[in-house]
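The working numbering numbers the first residue of the sequence shown as 17 and each following residue consecutively.
Each residue gets a CB set at the ideal place from its N, CA and C atoms; glycine is no exception.
A quick note: this is a predicted structure, and the numbers were derived from the prediction, not measured.
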Amino acid sequence: MIGDLGRAILPSAMDQAFIKEMKQALEKEKGRLEAELKGFTHRDKHTGATFNADFPSYGEKDEDNATEVADFTDNLALERTLEGKLDDVLKALERVAKGTYGTCKYCGKPIDESRLRARPESASCVKCKTERLQRL
Ligand SMILES: [Zn+2]
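Below, the structure is given as structure tokens:
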């Protein structure tokens with residue numbers, strides 16, 4: 017951990033105890049998201065890195081097929097949401113490892129601790145996030 021500290025590029029290095037706390041929160045969230053994804057998806061056979069929603073099988077009747085398609089569509093949407101969130105969490109953990117955690121990816125300024133506490137995977141400060149949302 018000391019080695020990581022040396023590489024930190026933050027002008028005012030963030031409180032290491034706080035980063036450790038956020039890292040624990042991120043790892044917990046990662047486990048939760050992976051467990052949730054495992055419930056209705058299977059890992060991509062080829063890459064092993066991405067998840068694919070399982071296609072449910074209820075029966076051969078028309079109404080069974082309709083339910084299968086509807087549930088599969090729901091699973092796909094949920095899979096995308098969870099996978100996107102997991103991706104954010106993994107990227108945040110990478111930033112922890114690199115010593116750049118807690119810095120806004122747009123302006124390079126430290127992100128508010130209160131924001132990180134509410135959403136540990138945040139990659140941008142409130143100001144940049146708001147500016148970007150307004151442009152949409
Ligand atoms: Zn910013």
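At a threshold of 7 Å, Y122 counts as near ligand 1, since its beta carbon sits closer than that to one of the ligand's heavy atoms. For T119, the closest C-alpha among the options K77, E137, R148 is that of E137.
Within the region 92-146, the runs of alpha helix (DSSP H) that reach at least 4 residues and sit entirely inside it are, in chain order, 129-134. Taken through DSSP and simplified to helix, strand or coil, T83 comes out as helix. Looking from the CA of P72, the closest CA among A134, R111, A86 belongs to A86.
Per DSSP, reduced to three states, the secondary structure at T57 is strand. Remark: three or more beta-carbon pairs, one from each stretch, lie closer than 8 Å, so the region 42-52 and the region 94-111 are flagged as touching. For A69, DSSP records a beta bridge to T57.
Between the region 110-126 and the region 140-152 there are three or more inter-stretch CB-CB distances shorter than 8 Å, so the stretches are counted as touching. Cβ neighbours of K125 within its own chain (closer than 8 Å, five residues either side excluded): T119, C141. At a Cβ-Cβ threshold of 8 Å, L102 and K46 count as neighbours.
Beyond the five residues adjoining it in sequence on each side, H58 comes within less than 8 Å, by CB distance, of F67, N68, D70 in the same chain, given in chain order. Straight-line measurement puts the Cα of R131 at about 15 Å from the Cα of D31.
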